[in-house]
Amino acid sequence: MTVRPRGNGYQADLMLNGTRYRPVFTTEAAAVTWESEARLAAKLGKPIPQPTVDTLGNRGTALKTLDDFYKLVKKERWASRKSGDKLARNAEIFIEWKGKSTPVKDIVSRDLYNYANYCREDLGNDNATINRKMSSVKVLLKKAVHEGVITMVPYIEKFKETSLGSVDFLDFGEEEPMIRLLDHKGFQRITQLVIFLIDTGARINEAKKLTFDDVTERHVILRDRKSGRTSYIPPTARVKAVLAQCRIDSKDPECPFGDIHLDTARRKLNEIYEKLGGKYAKFTQPFHVLRHTCASRLAMRGIDAKRIMDYMDHSNLSVTQRYMKLSPTALDDVAAALEPATPKLQLVIND
Numbered sequence: 001m002t003v004r005p006r007g008n009g010y011q012a013d014l015m016l017n018g019t020r021y022r023p024v025f026t027t028e029a030a031a032v033t034w035e036s037e038a039r040l041a042a043k044l045g046k047p048i049p050q051p052t053v054d055t056l057g058n059r060g061t062a063l064k065t066l067d068d069f070y071k072l073v074k075k076e077r078w079a080s081r082k083s084g085d086k087l088a089r090n091a092e093i094f095i096e097w098k099g100k101s102t103p104v105k106d107i108v109s110r111d112l113y114n115y116a117n118y119c120r121e122d123l124g125n126d127n128a129t130i131n132r133k134m135s136s137v138k139v140l141l142k143k144a145v146h147e148g149v150i151t152m153v154p155y156i157e158k159f160k161e162t163s164l165g166s167v168d169f170l171d172f173g174e175e176e177p178m179i180r181l182l183d184h185k186g187f188q189r190i191t192q193l194v195i196f197l198i199d200t201g202a203r204i205n206e207a208k209k210l211t212f213d214d215v216t217e218r219h220v221i222l223r224d225r226k227s228g229r230t231s232y233i234p235p236t237a238r239v240k241a242v243l244a245q246c247r248i249d250s251k252d253p254e255c256p257f258g259d260i261h262l263d264t265a266r267r268k269l270n271e272i273y274e275k276l277g278g279k280y281a282k283f284t285q286p287f288h289v290l291r292h293t294c295a296s297r298l299a300m301r302g303i304d305a306k307r308i309m310d311y312m313d314h315s316n317l318s319v320t321q322r323y324m325k326l327s328p329t330a331l332d333d334v335a336a337a338l339e340p341a342t343p344k345l346q347l348v349i350n351d
């Protein structure tokens, strides 16, 4: 037998059919019994028995549901990470879809595939986005394995991603219908945020925590970015105008956008995109598409990749390539360079 003490319980450790099982039980007898049953099931070609809540003891009963493990992982793992809010939100979407009170032990592979289909068909997510969301779900399930509540993470493949990722961005001037509709509905504060995000390329959390002290005549200072760096962004004329208006409109005396409730702004933007239809209705990331837009416009205007990388705070040039998408009309003048050279006329003077 391969049962050994683990914390306040006993852990079985088996490799069966290429999969390692390490459930923890409240008593040594329970661990030995499960191990014997598991070996027999594998020998007979039957499913490996799932440890019950009773045999897992108090640890299993204290942590049972998706919401239990979400709260635990958010506190122990995600709270200290810069991207923790986004990772937690990805897990929340799954929990909202499946139900907070769903026992983790009831989650099977088919649930994960059904969730992937929901993300793809109902939310319009591409494979890259689905993989990111699924990664957060797997973190919850791995924690359940470590706590001995389940023996293994249900399988789901990593979906193939396109090399360039999402192609959503707004060409020059395409934000104007959005701005008109936002202003018409009285959402001027969201309009200000949209303009700021497009022209600075800031991430939404960077805009949210920006202070008026970080705004100078020459720069918008984005501190402690995802890379850990601080960026000095030269503001466009309309960013200057927006930030000046924020000093009047913002209910937060310290931050230009501190009073904007992001969930409300996200919902209102999605309503605007749906109202406008066409390419707007296909946007699945209401804020991040504005960051895509900034990088794409820089590329279309001929800014080199290294400077775009620095401006956008990308970790490396390969990330920048995902953002450097060109407008359908950006290559229209290239054909002229491929035409045969036209002989130059020479003036001949006869003596």
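Numbers 1 to 351, taken from full-length UniProt numbering, label the letters of the sequence shown in order. A virtual CB, placed ideally from N, CA and C, is assigned to each residue, including glycine.
Going by C-alpha to C-alpha distance, which of Lys160, Ser109, Val145 sits closest to Ile129?
Translated into positions along the sequence shown, residue 129 becomes position 129. What sits at residue 129 in the sequence shown is Thr, not Ile. Minimum Cα distance to Thr129 is reached at Lys160.
Take Leu269 and list the residues in its own chain whose beta-carbon comes closer than 6 Å to its own, dropping the five residues that flank it on each side.
Residue numbering aside, residue 269 sits at position 269 when the sequence shown is read from its first letter. So the qualifying residues of the chain are Pro286.
Would you mind reading off the limits of the alpha helix (DSSP H) that contains Gly84?
Translated into the one-based positions of the sequence shown, residue 84 becomes position 84. Per DSSP, Gly84 belongs to the alpha helix (DSSP H) from 84-98.
Whose CA, out of Gly7, Asp332, Leu338, lies closest to the CA of His146?
Locating residue 146 in the sequence shown gives position 146, where the first residue counts as 1. Closest option to His146, Cα to Cα, is Gly7.
Within the same chain, show all residues whose beta-carbon is closer than 7 Å to that of Thr293, passing over the 5 residues directly before and after it, in chain order.
To locate residue 293, count along the sequence shown from 1; it is residue 293. Taken in chain order, the residues that qualify are Phe169, Leu170, Ile198.
If you run the structure through DSSP and keep just helix, strand and coil, what is Leu14?
The count along the sequence shown starts at 1 and reaches residue 14 at position 14. DSSP places Leu14 in strand when its eight states are reduced to three.
If we count Cβ pairs, one from each stretch, closer than 8 Å, do we get three or more for the stretch 272-283 versus the stretch 295-312?
no
Pair within 7 Å by beta-carbon distance, Leu87 and Trp78
On the sequence shown, residue 87 is found 87 positions in, with the first residue counted as 1. On the sequence shown, residue 78 is found 78 positions in, with the first residue counted as 1. Contact: yes.
Kindly identify the DSSP beta-bridge partner or partners of residue 352.
In the structure displayed, the chain extends from 1 to 351; residue 352 sits before or after that span and is not available.
Residue from Asn131, Ser80, Phe94, Pro47 whose Cα sits closest to the Cα of Tyr70:
Counting from one through the sequence shown, the residue named residue 70 turns up at place 70. If we check each option's Cα against that of Tyr70, Phe94 comes out closest.
Our contact map puts Ser231 next to Leu243 with C-beta atoms below 8 Å; I'd like the distance itself, whole angstroms only.
On the sequence shown, residue 231 is found 231 positions in, with the first residue counted as 1. On the sequence shown, residue 243 is found 243 positions in, with the first residue counted as 1. Incorrect: roughly 16 Å between the Cβ atoms, too far for contact.
Would Pro235 be called buried (16 or more neighbouring beta carbons within 10 Å of its own) or exposed?
Position 235 of the sequence shown, counted from the start, is the residue given in the question as residue 235. Counting Cβ neighbours within 10 Å, Pro235 comes out buried, since at least 16 surround it.
I'd like the list of long-range same chain contacts for Val215, defined as Cβ closer than 6 Å, with 5 residues on each side in sequence excluded.
Locating residue 215 in the sequence shown gives position 215, counting from the first residue. Closer than 6 Å at Cβ, skipping near neighbours: Leu243.
From what residue to what residue does the alpha helix (DSSP H) around Val242 run?
The count along the sequence shown starts at 1 and reaches residue 242 at position 242. That run of the alpha helix (DSSP H) goes 237-249.
On the three-pair Cβ rule with 8 Å, is the stretch 4-20 touching the stretch 35-43?
yes
Between Ala335 and Glu76, what straight-line distance do the alpha-carbon atoms span, to the nearest angstrom?
Residue mapping note: residue 335 aligns to position 335 of the sequence shown, counting from 1. Residue mapping note: residue 76 aligns to position 76 of the sequence shown, counting from 1. Going from the Cα of Ala335 to the Cα of Glu76 covers about 56 Å.
For a quick check, are the C-beta atoms of Arg291 and Gly201 less than 7 Å apart?
Residue 291 sits at position 291 when you count from the first residue of the sequence shown. Residue 201 sits at position 201 when you count from the first residue of the sequence shown. Yes, Cβ-Cβ distance for Arg291 and Gly201 is below 7 Å.
Under 7 Å between C-beta atoms of Ser227 and Asp333
Working through the sequence shown from its first residue, we reach residue 227 at position 227. Working through the sequence shown from its first residue, we reach residue 333 at position 333. No, they are not a contact pair.
Starting from the N-terminal side, write out each stretch of the alpha helix (DSSP H) that is 4 residues or longer and does not extend beyond the stretch 204-230.
204-209
Which residue's Cα is closest to the Cα of Ser136: Leu276, Gly148, Gly186, Asp85?
On the sequence shown, residue 136 is found 136 positions in, with the first residue counted as 1. Nearest C-alpha to Ser136: Asp85.
Other residues of its chain near Lys251: CB distance less than 7 Å, five sequence neighbours each side excluded:
Your numbering for residue 251 matches position 251 in the sequence shown. So the list reads Asp259, once near-sequence residues are dropped.
With distances taken from CA atoms, which of Lys74, Ala42, Tyr311 is nearest Val220?
Position 220 of the sequence shown holds residue 220. Closest option to Val220, Cα to Cα, is Tyr311.
Is the distance from the Cβ of Phe257 to the Cβ of Ala299 below 7 Å?
Along the sequence shown, one-based indexing puts residue 257 at 257. Along the sequence shown, one-based indexing puts residue 299 at 299. No. Outside cutoff.
Roughly how many whole angstroms lie between the Cα atoms of Val149 and Cys119?
The sequence position of residue 149 within the sequence shown is 149, counting from 1. The sequence position of residue 119 within the sequence shown is 119, counting from 1. One C-alpha to the other measures close to 27 Å.
Please report the Cβ distance between Gln50 and Thr151, rounded to the nearest whole angstrom; I am assuming they are in contact, meaning their Cβ atoms lie under 8 Å.
On the sequence shown, position 50 is the one that residue 50 refers to. On the sequence shown, position 151 is the one that residue 151 refers to. Their Cβ separation, rounded to whole angstroms, is 7 Å, which keeps Gln50 and Thr151 in contact under 8 Å.
Between the Cα of Glu217 and those of Ile233, Leu193, Arg180, spot the shortest distance and give me the residue it belongs to.
For the purposes of this step, residue 217 is taken as residue 217 along the sequence shown, with counting starting at 1. Checked all of Ile233, Leu193, Arg180; the closest Cα to Glu217 is Ile233.
Beta-bridge pairing of Val24 - partner residues as DSSP gives them
Residue numbering aside, residue 24 sits at position 24 when the sequence shown is read from its first letter. Bridge partners of Val24: Gln11.
Work out the CA separation of Ala237 and Asn117 for me, nearest whole Å.
In the sequence shown, residue 117 corresponds to position 117, counting from 1. In the sequence shown, residue 237 corresponds to position 237, counting from 1. Between Asn117 and Ala237, the C-alpha separation is close to 44 Å.
How far does the beta strand (DSSP E) with Arg266 in it extend, from its first residue to its last?
What you label residue 266 is simply residue 266 of the sequence shown in a count that begins at 1. Taken as a continuous stretch (DSSP letters only), Arg266 belongs to no beta strand (DSSP E), being part of the alpha helix (DSSP H) at 262-276.
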